[in-house]
Amino acid sequence: FYVIQLEFLDLSENLIQIVSKHGIPYLKELRHLDMNSNIIGNIDQLGFHNLPSLRHLDLSDNNMTNIPTSALSKLSNLTHLYMSGNFFQNVTSLSFQSLFHLRHLHLSRLYDLEKIDSRAFVDNINLQKIWMNENVKVREVPPRLFHGNPKLTHIYMRNNALETLEASHFPIDRLQEL
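Heads up: the sequence shown begins at 780 in the numbering used here, then just goes up one per residue.
Written as structure tokens, this is what we have:
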């Protein structure tokens with residue numbers, strides 16, 4: 780089907796398991812896609828390639844065990860990404876590759892998350908706010924994790940298992956809220 784002018788699509792709270800290559804039709808004007816609270820475990824690397832104007836994507840509260848880097852990297856205009864409530868164990872190097880316009884990133888309630896690579900957010904040069912709350916297995920933050928994010932002003936890291944924090948972990952000259 781072709782709904783050329785559609786700007787907002789809410790597919791939340793369904794039983795979607797997979798986002799396949801042909802699962803979402805070409806929606807040139809789509810700006811906001813909400814797929815939270817499904818049971819998505821897999822996203823094809825071309826699962827979002829038909830959404831050139833997408834700005835907001837909500838994939839929170841699904842069954843993903845890996846960040847779908849290849850699929851997300853096709854969303855060059857994405858500004859807001861919600862990934863909370865999934866089952867990632869690691870945030871690897873360049874997990875959010877090619878998301879140069881990303882401004883808000885939600886990575887909270889990742890109860891299996893243990894490790895964040897120091898280069899996880901290097902491509903996200905416009906990142907302004909990041910939420911990393913309630914990641915109860917995260918014991919440490921890599922040094923200089925956010926130093927490649929010159930516009931970052933807000934970092935939320937409530938209720939984690941952090942044992943130590945040092946000023947070198949954060950770009951404190953720009954931060955407004957930690």
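Every residue, glycine too, gets a C-beta built ideally from N, C-alpha and C.
query                                                                                                                                      : result
Starting from residue 851 and walking both ways along the alpha helix (DSSP H), at which residues does that stretch end?                   : 848-851
Between the Cα of residue 932 and the Cα atoms of 939, 943, 917, 909, which residue gives the shortest distance?                           : 909
Note the first and the last residue of the continuous beta strand (DSSP E) segment covering residue 916.                                   : Here residue 916 belongs to no beta strand (DSSP E), and DSSP marks it neither H nor E.
For residue 840, which of 851, 887, 868 has the nearest alpha-carbon?                                                                      : 887
Over what stretch of residues does the beta strand (DSSP E) that includes residue 807 continue unbroken?                                   : Counting along the chain, residue 807 falls outside any beta strand (DSSP E), and DSSP gives it neither H nor E.
Hey, would you say residue 900 sits closer than 8 Å to residue 867, going by beta carbons?                                                 : no
To the nearest angstrom, report how far apart residue 821 and residue 791 are at their CA atoms.                                           : 16 Å
Going by the C-beta, is residue 842 closer than 7 Å to any heavy atom of the ligand MG?                                                    : What this structure holds is no ligand at all, so the ligand MG is not there to describe.
Quick test of your reading: residue 984 and residue 916, contact by CB under 8 Å. State the CB separation rounded to the nearest angstrom. : Residue 984 is absent from the model: the chain starts at 780 and stops at 957.
Using 8 Å as the threshold, is the C-beta distance between residue 812 and residue 829 below it?                                           : no
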